[in-house]
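To convert, take the position in the sequence shown, counting from 1, and add 895; that gives this note's numbering. Just so you know, even glycine gets a beta-carbon here, dropped at the ideal spot from N, CA and C. Note sheet for the following structure.
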Amino acid sequence: MIAKKTSKNQLTLPKRVVDRFPNVDYFDVRVEAGRIALVPVRPDQSGAADRLEQVQARLAKLGLSDRDVKAAVAWARSSRK
């Protein structure tokens, strides 16, 4: 199967692949041995507060602060115009 990268760096995953991961909306993107790996992220079913904590933990692991996130959101919104 082939997926084409768009000018906005987006990929559409083939339906045959996505169908194997029902109820998954997010994938962790990694580079492993020179390949791009998508790992399904299945947040705990316990609620939004836990998902928020998971996101915050992931951002901390990546070394991103609230300021970094705000700057990224502002940049993304300005580039859509």
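Cβ pair residue i, residue j closer than 8 Å
i: Leu933; j: Val926; result: no
i: Val964; j: Leu954; result: yes
Spatially closest choice to residue i from the options, by CA coordinates
i: Asp920; options: Arg953, Val936, Ala955, Asp945; result: Val936
i: Arg911; options: Phe922, Ile897, Thr901; result: Ile897
i: Ile931; options: Lys900, Asp961, Arg946; result: Lys900
Rounded C-alpha distance that separates residue i from residue j
i: Ser974; j: Lys903; result: 11 Å
i: Lys956; j: Gln949; result: 10 Å
i: Arg972; j: Gln905; result: 17 Å
i: Gly958; j: Ala952; result: 10 Å
i: Ala928; j: Asn918; result: 28 Å
i: Pro909; j: Arg962; result: 35 Å
| Where are the beta strand (DSSP E) runs, 3 residues long or more, that stay fully inside the stretch 907-942, in chain order? | Those beta strand (DSSP E) runs which fall completely within the stretch 907-942 and span 3+ residues are 921-927, 930-936.
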